[in-house]
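Residues 1 to 322 in the working numbering are what the sequence shown lists, from first letter to last. Heads up, the beta-carbon is just placed ideally off N, CA and C, and yes, glycines get one too. Read through the structure below, which is laid out as structure tokens, and then see the notes.
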Amino acid sequence: MGTFPQPFPEHADEKENFEMTLDLRGLNPAPVTPFTPDGEVDHAAMAKLGTWLAGHDGVKSLVILGHAGEGTFLTQEEQVATIANLAEAVDIPVIAGITGEGTAVAVAEAKRAVAAGAKAGLIYPSHGWLRFGYQAGAPQDRYRAIYEESGLPCILFQYPDNTKATYDLDTLLEIAAQDGVFATKNGVRNMRRWDTDVPVLRREHPDLQILSCHDEYLLHTMFDVDGLLVGYGGLAPEPLLELIAAGKARDYPAARAVHDRLLPVTKAVYHRGSHMEGTVALKLGLKARGILEHAGVRSPLIDLSPEAEEEIVQALKSAELV
């Protein structure tokens, strides 16, 4: 794995508070972004949600502004304010999703995140790659530029295998070797590739922190990872912390019991027509748990039906989370 040299010596005063060896070996929720009834970012509700999550022993960071957090639906000003206000509210690292399409755009986004208080960045692929694929070397350059020009430590994000933005094993290994890359969020969602790629990553980069983001396939991946980076963690931190403990103890019966207890919730939240509906379902679940007052989302997300909301409530009750 790459080292963390001090970037930009001439601006060392801006970098001195960086945590260059963040420990994400545990649960790293990717919480939703609450909105007020009139559609504005609800920073008070975000602080309440973040404080609740951070209060669970074993929660290592909060990862915001990704898909579950509707980050690409926020303005730049809202993104910055969300990072800054949450970082002020909690005493664990805040990690920002870096989603800008072009490399220079992503670098500018990373610099804003640094200034707002983010301690690391979850680096999304350039989304044009989802349709058209990427040129060899382009992902490596994206990570290099973001770290060298902003100083933001990077999490390598592996997209699903059924997209053209998924990285082949050689690309994964090369990115993991770069300076500033200290962890990977793997969501390949192809268990053949998982079983092939993860052991090689572990062997070649033993210090790389490997995190699963397979919200709907956690049992299979739980015994291979250092922790989880999941939107699911923003709704059900308690059982997911149990699942992590069972995985680290190599206790399959205990892990299976947590999986089975959560399965109705998993189905109600993630086994829907579109994975994007999971964000709406997470908000409805947090409303049912009494953490959020409102479950509003931003277009292009659409509210779920009252029947779906009741299904989510009943699933949470069956898992003893309500």
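Beta-bridge partners of K111 (DSSP): none assigned. Relative to A236, the option among D251, S305, A44 and E216 whose CA is nearest is E216. The alpha-carbon separation between R142 and V107 amounts to approximately 9 Å. Taking 9 Å as the cut-off, the beta carbon of L286 is found no closer than this to the beta carbon of L22. The criterion of a C-beta distance shorter than 9 Å is not satisfied by I98 and V63. Judged by DSSP secondary structure, G273 falls outside any alpha helix (DSSP H); it is assigned neither H nor E. Counting the other Cβ atoms within 10 Å of the Cβ of L169 gives fewer than 16, which makes it exposed. Taking 9 Å as the cut-off, the beta carbon of A183 is found no closer than this to the beta carbon of G133. In the three-state DSSP reduction, T171 falls in the helix class (H, G or I). Relative to the Cα of R272, the nearest Cα in the group I312, R298 and L243 belongs to I312. Under the DSSP definition of a beta bridge, G227 partners with L211. Secondary structure within the segment 245-311: the alpha helix (DSSP H) runs of 4 or more consecutive residues, fully enclosed, are 252-270 and 277-288 (chain order). By DSSP's assignment, Q158 forms a beta bridge with N186.
Three or more pairs of CB atoms, one per stretch, sit closer than 8 Å, so the segment 211-227 contacts the segment 24-44. An exposed status is given to A44, since fewer than 16 other beta-carbon atoms sit within 10 Å of its beta-carbon. Here the alpha carbons of H205 and A245 stand approximately 23 Å from one another. With respect to the 9 Å criterion, P37 and G290 are not classified as neighbours on the basis of their beta carbons.
Boundaries of the alpha helix (DSSP H) harbouring G50: H43 to A54, taken from the DSSP string. A distance below 6 Å between beta-carbons, with the five flanking residues on each side excluded, links T103 to the following residues of its chain, in chain order: R142 and A145. Out of L321, D91 and S299, the CA that lies nearest to the CA of V265 is found in L321. As a beta-bridge residue in DSSP terms, P29 pairs with V230. Between G69 and T33 a beta carbon distance of about 5 Å is seen, short of the 8 Å cut, so the two are scored as contacting. Contact check between the segment 68-84 and the segment 302-317: fewer than three CB pairs, one atom from each, fall below 8 Å, which does not count as touching. DSSP links I95 through a beta bridge to V63 and A120. In terms of Cα proximity to A177, the closest of E149, D207, R250 and A136 is D207. V280 and R202 have their alpha carbons spaced roughly 35 Å apart. Annotation for G58: G26, L27 and L241 place their beta carbon closer than 6 Å to its own, counting only its chain and skipping 5 residues before and after.
Y167 is a Cβ neighbour of I175, given a cutoff of 9 Å. According to the DSSP secondary-structure assignment, F35 is paired through a beta bridge with V41. Taking every protein chain shown into account, the CB of G66 has 16 or more other CB atoms within 10 angstroms, so this residue is buried.
Collapsing the DSSP output to three states places V181 in a strand.
The beta carbon of G278 sits closer than 6 Å to those of V269 and Y270, all from its chain and outside the five residues before and after it, given in chain order.
Assigned with DSSP and collapsed to three states, T21 falls in coil, not helix or strand. Looking only at G233, H294 and A308, the smallest Cα-Cα distance to G39 is reached by H294.
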